[in-house]
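So the structure is just underneath, and the comments pick up after that.
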Amino acid sequence: MRDRLGKPCEGSKKRPTIRESLALYKERERQEMIQGYQEMAALNKELAEESMSAVNEVWARYD
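Numbering (my numbering), first residue to last: 158 to 220.
This is the structure we're talking about:
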């Protein structure tokens with residue numbers, strides 16, 4: 158609740174403004190994207206290791 162000058166009344170909880178809410182939303186999305194990229198990189202590394210062992214196995218048959 159605000160007084161006639163637009164200042165929050167004493168004892169009232171401060172609610173985030175639209176700008177603050179948008180900034181929080183963008184930061185959450187950014188963190189989720191970073192986490193997603195890290196998970197993709199880990200899976201990509203795992204797949205690369207698996208494929209290298211398979212390639213080595215196939216080439217060993219031709220030697």
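Heads up, the beta-carbon is just placed ideally off N, CA and C, and yes, glycines get one too.
Quick caveat, the model's predicted, so the values are computed rather than measured.
Nearest-angstrom Cα distance between residue i and residue j?
i, j, result
"I175", "L181", "10 Å"
"V212", "P173", "56 Å"
"E203", "Y194", "14 Å"
"A217", "E189", "42 Å"
"N201", "E207", "10 Å"
"E184", "Y219", "53 Å"
Since residue i is in the alpha helix (DSSP H), which residue starts that stretch and which ends it?
i, result
"R176", "175-219"
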